[in-house]
Structure formats: C-alpha cells, structure tokens
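Some notes on the structure that comes next.
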Amino acid sequence: MENKKNILTGERPTGRLHLGHYFGALKRRVELQEDYNTYIIIADVQALTDNFDNPEKVRKNIREVVLDNLAVGIDPEKSTIFIQSMIPEIAELTVYYSNLVTVSRLYRNPTVKTEIKQKKDVFGNEGESVTYGFLGYPVSQAGDITAFDGALVPVGADQIPVIEQTKEIVRKFNKIYGPTLVEPQHLLSENSRIKGLDGNEKMGKSLNNAIFLSDDYETISKKIMGAITDTNKIKKNDPGNPDNCMVYYYHKLVNKDNVKTVNVECRAGTRGCVDCKKELIESMMKFLKPIQERRKYYEERPEVVDEILKKGTEKAGKKAKEVMKRVRQNMKIDYFD
Ligand code: TRP
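Below, the structure is given as structure tokens:
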C-alpha cells in the first residue's frame, strides 16, 4: 500500500471544465486514483500568472474546478485535492529551481512559445508583455510536481514540454545536490486532445468552442445545433462524409453504442443532419447525467466541499514539508536543524 507511486496533476482555476478536460485528463485521472496516491493541484498561483489583474476570477473558479473534479468521480478518500498557494514550499522550491534553468531555455519551451504568441493578440506586442512570472511558470510547475514526489503526471498533449522542463530541472538538481527529487514521467490519455465544436484542433474556453461538463440541456442543444457538419451534405438525403463532421466526431465519444449506424446512415444519405444532431444532444445529456448529478450533490453541500479542500490542503502540506526537509539538507541550507 505505502509503496504506491504518487501522481501529481491538476488545473488552473480559470473556468469550469469541459469535454476537452474530461477526455484529455479527468477520465484517466479517475481510473488512476485506484492504483496511485493522487494529488490534485488547484493551481491558483499559476492561474495568476495570466490573471494577476483578476484575482476574483481565480478565487471563484477554485470552487468550480473542485466541483468538476468531484463531479467526474474523483473520490476525496482516494485523492488529495489542494490549493497551490496554500503550500508555500512550492514557492520556495521555485526560487531554488530558478537557478537551474536559463531564460533562453524557457523562451524555447514550445508550450510557453505558443502561449506568448496567443498573448500578442491581447497586448499588441509579443515580447514586451511577457512577465517574469509568466515565463517562469514551468519552473513553478516543477515545484508543484516535485514537492509531492510526483512520479506520474497525467496531462494533455500541450503540457508535455512543461513536464520535460521539470525532468531537466530534477536531473540538474540531483546531479548538483545529490539524489533528492523524483523524476516524473508524463502520462497521456488516449484522446489527449479533443476538437472544438467549430472543428478547431483544440477545445478551449477562450476559443469559444467548448461543451462544458455542467452545461444544461438548452445550452448543449444550441451548441450542437450550431456545430459544423459536412459542408457538401446540403439536403437531408444527400450522402455525407462523417469524417468531415463535428457531430459525428462527438457521436464517437459519447454515443459508442450507435456510432456505427450513424456512420452508415450518413454515408447512405438516409440520415439528415438535424435528426443526427438531435440524437447527439440526447446522447450527450445521457453521458453527462451522472456527472451533473454528482455536481449538484456537492453544489448543494458547500461545507462538504470546503472540508474536502481544507483536509486535502493540510495533507498536501505535510507531504511538501517532508520533501522540503530533504531539499534543504541536500542544498546545505538546513541551518537550525
Ligand atoms: N499547467 C497545467 C494546465 O495548464 C496546470 C498545472 C499546474 C499542472 N501545475 C501542474 C498540471 C502540475 C500537471 C502538474 O493545465
């Protein structure tokens, strides 16, 4: 039991979670909690690197992200959910790790690079808007992972370069100060990137193409009715190509029992897009039902959620202190011990 490896994973509290999160990370996370000590970080410090001017947004979304985790089946008896900023050891590790990584290496990190490009649209000027805190978030993420001896890190594909950065820091640390930190491995889900309703390669809140786990029937109906279908299928009985259709793409995810029929009927021209969308709406709601029921249970019991977070943060704090002790000893900064 005690030799179980640790998992460290989590998300930034910047909004409710969507199908991209579910298939990219949460589904696997729920399975893995059976076999590993799972720590789930609600990365508010990291969220603030992008949202330092909007702390209310981060604060509000801590609860949403916790609710979504509980809703998909994270069991607080098996997994430890905690708030990043309440573990000062992470910030401390970040300072020490910042000596082990060059600024140019951070600029070359593909995830950071893409995110800097996206920022350009908001601020106008790419280079000038990059803060020290933002550029350094992969260093802080190395702190998130190593403070809990995280051996496995289940993440979506876009996070791989960030985990790679952690590995480099760990190797360098262990080489200089002696074996201290656990080198993590990333774990990808089978569907590690889910396309958006508009056909975009990535489903994202800011891309406005997401189906949220907590969306109600009306919202989902509207979104699915507006989803992109095969543009060559104009009339109801035209044969279509499901491979060019977002509706079919989601049928594959949430309507596994009937997806073959959907494919055959679409190609044969015996299935109209409107009926096909209606079927998807029903399948999507059926798929989300248990998730939304669990969410409702916890939404109605805020004191239970508070207690889960409080207990989880306490437990995480103990673990981080233990790791920090090792770090301080090996770095020879354990002055009064
Ligand atoms: N960077 C991750 C994201 O954007 C969130 C995150 C913060 C994380 N700390 C982590 C993921 C540690 C895995 C491990 O979703």
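One gets my numbering by counting positions in the sequence shown from 1 and adding 594 to each. Where a beta carbon is used, it is the ideal one built from N, C-alpha and C, also for glycine. In this text the structure is predicted, and so the values were computed from the model without any measurement.
**OP:** Can you grab the Cα-Cα spacing for the pair M595 / L664, in whole Å?
**Re:** Indexing the sequence shown from 1 puts residue 595 at position 1. Indexing the sequence shown from 1 puts residue 664 at position 70. Caution is warranted here: a pLDDT of 47 is assigned to M595, below 50, making its placement in the model unreliable, and the coordinate value is therefore given only provisionally. Approximately 24 Å, taken between the alpha carbons.
Subject >> Exposed unless 16 or more other CB atoms sit within 10 angstroms - verdict on D837 >> reply: As a working note, residue 837 is residue 243 in the sequence shown. By the neighbour-count criterion, in which a residue is buried when 16 or more other Cβ atoms sit within 10 angstroms of its Cβ, D837 is exposed.
Original post:
R623: beta carbon under 7 Å from a heavy atom of the ligand TRP?
Top reply: Taking the first residue of the sequence shown as position 1, residue 623 is located at position 29. False, no ligand heavy atom lies under 7 Å from that Cβ.
Original post:
For G744, does the three-state DSSP call read helix, strand or coil?
Top reply: By one-based count along the sequence shown, residue 744 stands at place 150. In the structure shown, G744 sits in a strand (DSSP, three-state: E or B).
**OP:** Please work out which residues of its chain come closer than 8 Å, Cβ to Cβ, to M879, disregarding the five sequence neighbours upstream and downstream, and give them in chain order.
**Re:** The sequence position of residue 879 within the sequence shown is 285, counting from 1. Y811, I814, listed in sequence order.
Original post:
Is it the case that the CB of T643 approaches a heavy atom of the ligand TRP more closely than 7 Å?
Top reply: Translated into the one-based positions of the sequence shown, residue 643 becomes position 49. Not so, every heavy atom of the ligand TRP lies at least 7 Å from the Cβ.
Original post:
With 16 as the cutoff for other CB atoms within 10 Å, does E658 come out buried or exposed?
Top reply: Taking the sequence shown and counting its residues from 1, one reaches residue 658 at position 64. It is buried - the Cβ of E658 has at least 16 other Cβ atoms within 10 Å.
Original post:
Given 8 Å as the limit, is there contact between the segment 739–748 and the segment 617–636, that is, 3 or more CB pairs closer than that?
Top reply: Yes, they touch.
Original post:
Name the DSSP beta bridge partners of L782, please?
Top reply: Reading the sequence shown from its first residue, position 188 is the one you call residue 782. As a beta-bridge residue in DSSP terms, L782 pairs with V749.
Subject >> Any beta strand (DSSP E) of 3 or more consecutive residues that is wholly inside the segment 825–882 >> reply: none
**OP:** Could you give the DSSP three-state label for S673: helix, strand or coil?
**Re:** For the purposes of this step, residue 673 is taken as the residue at position 79 of the sequence shown. Reduced to three states, the DSSP call for S673 is strand.
Subject >> Which of helix, strand or coil DSSP assigns to G730 >> reply: As a first step, residue 730 must be located in the sequence shown, where it is residue number 136. Look at G730 here: in three-state DSSP terms it is coil, with no helix or strand label.
**OP:** Can you grab the Cα-Cα spacing for the pair A637 / V660, in whole Å?
**Re:** Position 43 of the sequence shown, counted from the first residue, corresponds to residue 637. Position 66 of the sequence shown, counted from the first residue, corresponds to residue 660. Approximately 11 Å, taken between the alpha carbons.
Original post:
Which of helix, strand or coil does DSSP assign to E709?
Top reply: Reading the sequence shown from its first residue, position 115 is the one you call residue 709. Three-state result, E709: helix.
Original post:
So what does F806 bridge to, in DSSP terms?
Top reply: In the sequence shown, counting from the first residue as 1, residue 806 sits at position 212. According to DSSP, which records beta bridges pairwise, F806 is partnered with H612.
Original post:
Within this structure, are the beta carbons of Q735 and Q627 separated by less than 8 Å?
Top reply: Numbered from its first residue, the sequence shown carries residue 735 at position 141. Numbered from its first residue, the sequence shown carries residue 627 at position 33. In this structure, Q735 lies away from Q627, with their beta-carbon atoms at least 8 Å apart.
Subject >> Spatial distance of E686 from V666 (CA atoms) >> reply: The sequence position of residue 686 within the sequence shown is 92, counting from 1. The sequence position of residue 666 within the sequence shown is 72, counting from 1. Approximately 32 Å between the Cα atoms of the pair.
**OP:** Check whether the Cβ of I739 lies closer than 7 Å to any heavy atom of the ligand TRP, and answer yes or no.
**Re:** Mapped onto the sequence shown, residue 739 falls at position 145. Checking every heavy atom of the ligand TRP against the Cβ of I739, one is found closer than 7 Å.
**OP:** Could you please give me the residues that DSSP links to I634 through a beta bridge?
**Re:** Locating residue 634 in the sequence shown gives position 40, counting from the first residue. Note: I634 sits in a beta bridge opposite T603, I675.
Subject >> Cα-Cα separation between K817 and K854, rounded to whole angstroms >> reply: As a position in the sequence shown, residue 817 is number 223, starting the count at 1. As a position in the sequence shown, residue 854 is number 260, starting the count at 1. Near 23 Å, if we compare the C-alpha coordinates of K854 and K817.
Original post:
Any idea if G604 is buried or exposed, counting beta-carbon neighbours within 10 angstroms, 16 or more meaning buried?
Top reply: Counting from one through the sequence shown, the residue named residue 604 turns up at place 10. The residue is buried, with at least 16 neighbouring Cβ atoms inside 10 Å.
Subject >> T823 versus L700, L874, R699, residue with shortest Cα-Cα distance >> reply: For the purposes of this step, residue 823 is taken as the residue at position 229 of the sequence shown. The shortest C-alpha separation from T823 is found at L874.
Subject >> the segment 752–759 contacting the segment 694–710, beta-carbon criterion three pairs below 8 Å >> reply: yes
Original post:
What is the C-beta distance between N785 and G618, in whole angstroms, given that I count them as a contact (C-beta under 8 Å)?
Top reply: Here residue 785 refers to the residue found at position 191 when the sequence shown is read from its first residue. Here residue 618 refers to the residue found at position 24 when the sequence shown is read from its first residue. Between G618 and N785 the Cβ distance is about 7 Å, and since that is below 8 Å, they are a contact.
**OP:** Go ahead and pull the three-state DSSP assignment for M680.
**Re:** Residue 680 sits at position 86 when you count from the first residue of the sequence shown. In this structure, M680 counts as helix in the three-state DSSP scheme.
**OP:** Tell whether a beta-carbon distance below 8 Å holds between V856 and Y844.
**Re:** Here the question's residue 856 lines up with position 262 in the sequence shown. Here the question's residue 844 lines up with position 250 in the sequence shown. One thing to note: V856 has its Cβ no nearer than 8 Å to the Cβ of Y844.
Subject >> Own chain, CB closer than 8 Å to I739, minus 5 neighbours either side, in chain order >> reply: As a first step, residue 739 must be located in the sequence shown, where it is residue number 145. Within the same chain, I739 has close Cβ partners L602, V747, I757, T760, P778.
**OP:** Take the Cβ of N916 as the centre, count every other Cβ of all protein chains shown within 10 Å, and call the residue buried at 16 or more, exposed below.
**Re:** Counting from one through the sequence shown, the residue named residue 916 turns up at place 322. Per the sequence shown, residue 916 should be read as Glu rather than Asn. Exposed, by the Cβ-count rule.
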